[in-house]
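Going line by line, the protein sequences match chains A and B.
The letter at position 112 of the first sequence is residue 112 when you use our numbering, and the numbering goes up by one with no holes.
The letter at position 49 of the second sequence is residue 49 when you use our numbering, and the numbering goes up by one with no holes.
Data first, discussion second: the structure below is written as structure tokens.
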Amino acid sequence: DVKVTQSSRYLVKRTGEKVFLECVQDMDHENMFWYRQDPGLGLRLIYFSYDVKMKEKGDIPEGYSVSREKKERFSLILESASTNQTSMYLCASSSPWRGWGEQYFGPGTRLTVT
Amino acid sequence: GQQLNQSPQSMFIQEGEDVSMNCTSSSIFNTWLWYKQDPGEGPVLLIALYKAGELTSNGRLTAQFGITRKDSFLNISASIPSDVGIYFCAGDNNNDMRFGAGTRLTVKP
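In structure tokens form, the structure reads like this:
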């Protein structure tokens with residue numbers, strides 16, 4: 001079974017703090033993704049990565065950055081957290097021979113910025 | 001980017017009933033997928049479809065890739081309480097993936 005894990009299930013941070021969300025997958029997938037999920041807006045892509053040290057902006061990259069130093073690990077960084085970044089953050093991975101389609105998701109990190 | 005149109009938004013059904021939901025788009029997709037998300041958890045892949053007209057089952061779940069490549073359908077037969085959750089459709093077209101807003105399913109015992 002594909003396993004995608006995220007470092008925290010719940011996080012509470014203060015405005016202005018630097019926040020790191022970590023994601024690890026154990027299926028040797030090349031593709032990794034970060035989404036945020038908000039009620040009524042569905043899943044929105046923040047950043048994705050095709051390979052180590054490679055990253056591409058998604059639909060809503062503003063206020064975020066990412067790091068992929070190892071194939072299995074993809075980190076999402078909030079340089080200076082703001083209250084409008086309170087959300088559920090989901091990491092996913094997929095193998096490129098299936099396109100982006102068969103994405104496997106982690107359990108999510110519910111981030112609250114106060 | 002444009003998300004997919006998924007309906008209905010929510011369903012309240014009795015245990016044992018069948019369920020149908022669908023997803024439509026103005027764009028063509030090469031792949032259609034259906035996910036289920038339990039409260040506080042990440043989405044879990046249920047079914048992936050790769051060919052127009054394809055009909056695929058996974059237990060009591062059956063999904064179809066619409067012949068126009070612009071829509072997909074998910075059916076759940078003989079629903080049970082653990083079917084409760086949010087069901088998402090997703091379409092992928094050359095590494096441009098879009099999601100539906102989800103159908104929230106409630107099953108009354």
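Beta carbons are placed, not taken as given, at the ideal position from N, Cα and C, and that holds for glycine.
Original post:
Does the beta carbon of Phe74 (chain A) come closer than 8 Å to any beta carbon on chain B?
Top reply: By one-based count along the first sequence, residue 74 (chain A) stands at place 74. At a cut-off of 8 Å between beta carbons, Phe74 (chain A) makes no contact with chain B.
**OP:** Establish whether the CB of Asn22 (chain B) and some CB of chain A are separated by less than 8 Å.
**Re:** For the purposes of this step, residue 22 (chain B) is identified with residue 22 of the second sequence, where counting begins at 1. Under the Cβ distance rule, Asn22 (chain B) does not count among the residues neighbouring chain A, no pair being separated by less than 8 Å.
**OP:** Can you tell me which of the three DSSP states Leu103 (chain A) falls into?
**Re:** On the first sequence, position 103 is the one that residue 103 (chain A) refers to. The question names Leu, but residue 103 (chain A) in the sequence shown is Gln. Gln103 (chain A): coil per DSSP, three-state reduction.
Original post:
Can you list the beta strand (DSSP E) stretches of 3 or more residues lying completely in the segment 2–58 of chain A, in chain order?
Top reply: Listed in chain order, the beta strand (DSSP E) elements of length 3 or more contained wholly in the segment 2–58 of chain A are 4–6, 10–13, 19–25, 31–38 and 42–49.
**OP:** With distances taken Cα to Cα, identify the nearest neighbour of Phe74 (chain A) among A:Arg110, A:Lys53 and A:Leu45.
**Re:** Taking the first sequence and counting its residues from 1, one reaches residue 74 (chain A) at position 74. When each option's Cα is compared against that of Phe74 (chain A), the closest is A:Lys53.
Original post:
Ends of the beta strand (DSSP E) at Ser57 (chain B)?
Top reply: Translated into the one-based positions of the second sequence, residue 57 (chain B) becomes position 57. Per DSSP, Ser57 (chain B) belongs to the beta strand (DSSP E) from Leu55 to Asn58.
Original post:
Taking just the CA atoms, how far does Ser8 (chain A) sit from Arg110 (chain A)?
Top reply: In the first sequence, the residue the question calls residue 110 (chain A) occupies position 110. In the first sequence, the residue the question calls residue 8 (chain A) occupies position 8. Spanning the two alpha carbons is a distance of roughly 8 Å.
Subject >> Beta-ladder partner(s) of Asp92 (chain B), from DSSP >> reply: Working through the second sequence from its first residue, we reach residue 92 (chain B) at position 92. The beta-bridge partner set that DSSP reports for Asp92 (chain B) consists of B:Thr31 and B:Met97.
**OP:** Would you verify that the beta carbon of Glu41 (chain B) is, or is not, closer than 8 Å to some beta carbon of chain A?
**Re:** Numbered from 1 along the second sequence, position 41 holds the residue referred to as residue 41 (chain B). Taking Cβ atoms only, chain A reaches closer than 8 Å to Glu41 (chain B), which makes this a yes.
Original post:
Does the beta-carbon of Leu55 (chain B) have 16 or more other beta-carbons within 10 angstroms, so that it is buried, or is it exposed?
Top reply: Sequence index remark: in the second sequence, residue 55 (chain B) carries index 55 (1-based). Exposed, by the Cβ-count rule.
Original post:
Hey, Asp59 (chain A) and Leu45 (chain A): beta-carbon distance below 8 Å or not?
Top reply: Residue mapping note: residue 59 (chain A) aligns to position 59 of the first sequence, counting from 1. Residue mapping note: residue 45 (chain A) aligns to position 45 of the first sequence, counting from 1. When the beta-carbon positions are compared, Asp59 (chain A) and Leu45 (chain A) come within less than 8 Å of each other.
**OP:** With a 10 Å radius around its C-beta and 16 neighbouring C-beta atoms as the bar for buried, classify Pro39 (chain A) as buried or exposed.
**Re:** Against the first sequence, residue 39 (chain A) aligns to sequence position 39. Exposed.
Subject >> Proximal residues, the segment 45–60 of chain B versus chain A, C-beta separation under 7 Å >> reply: Going along the segment 45–60 of chain B in chain order, one finds Leu45 and Ala48 with a Cβ nearer than 7 Å to chain A.
**OP:** Check the Cβ of Ala101 (chain B) against every Cβ in chain A and list those closer than 8 Å, keeping chain order.
**Re:** As a working note, residue 101 (chain B) is residue 101 in the second sequence. Within chain A, the residues near Ala101 (chain B) are Gly40, Leu41 and Gly42.
**OP:** My understanding is that Glu30 (chain A) touches Asp51 (chain A), with C-beta atoms under 8 Å, so please give their C-beta distance in whole angstroms.
**Re:** For the purposes of this step, residue 30 (chain A) is taken as the residue at position 30 of the first sequence. For the purposes of this step, residue 51 (chain A) is taken as the residue at position 51 of the first sequence. 6 Å between Cβ atoms; contact.
**OP:** Give a yes or no on whether 8 Å exceeds the smallest Cβ distance from Met97 (chain B) to chain A.
**Re:** Counted from its first residue, the second sequence places residue 97 (chain B) at position 97. So yes, Met97 (chain B) belongs to the interface.
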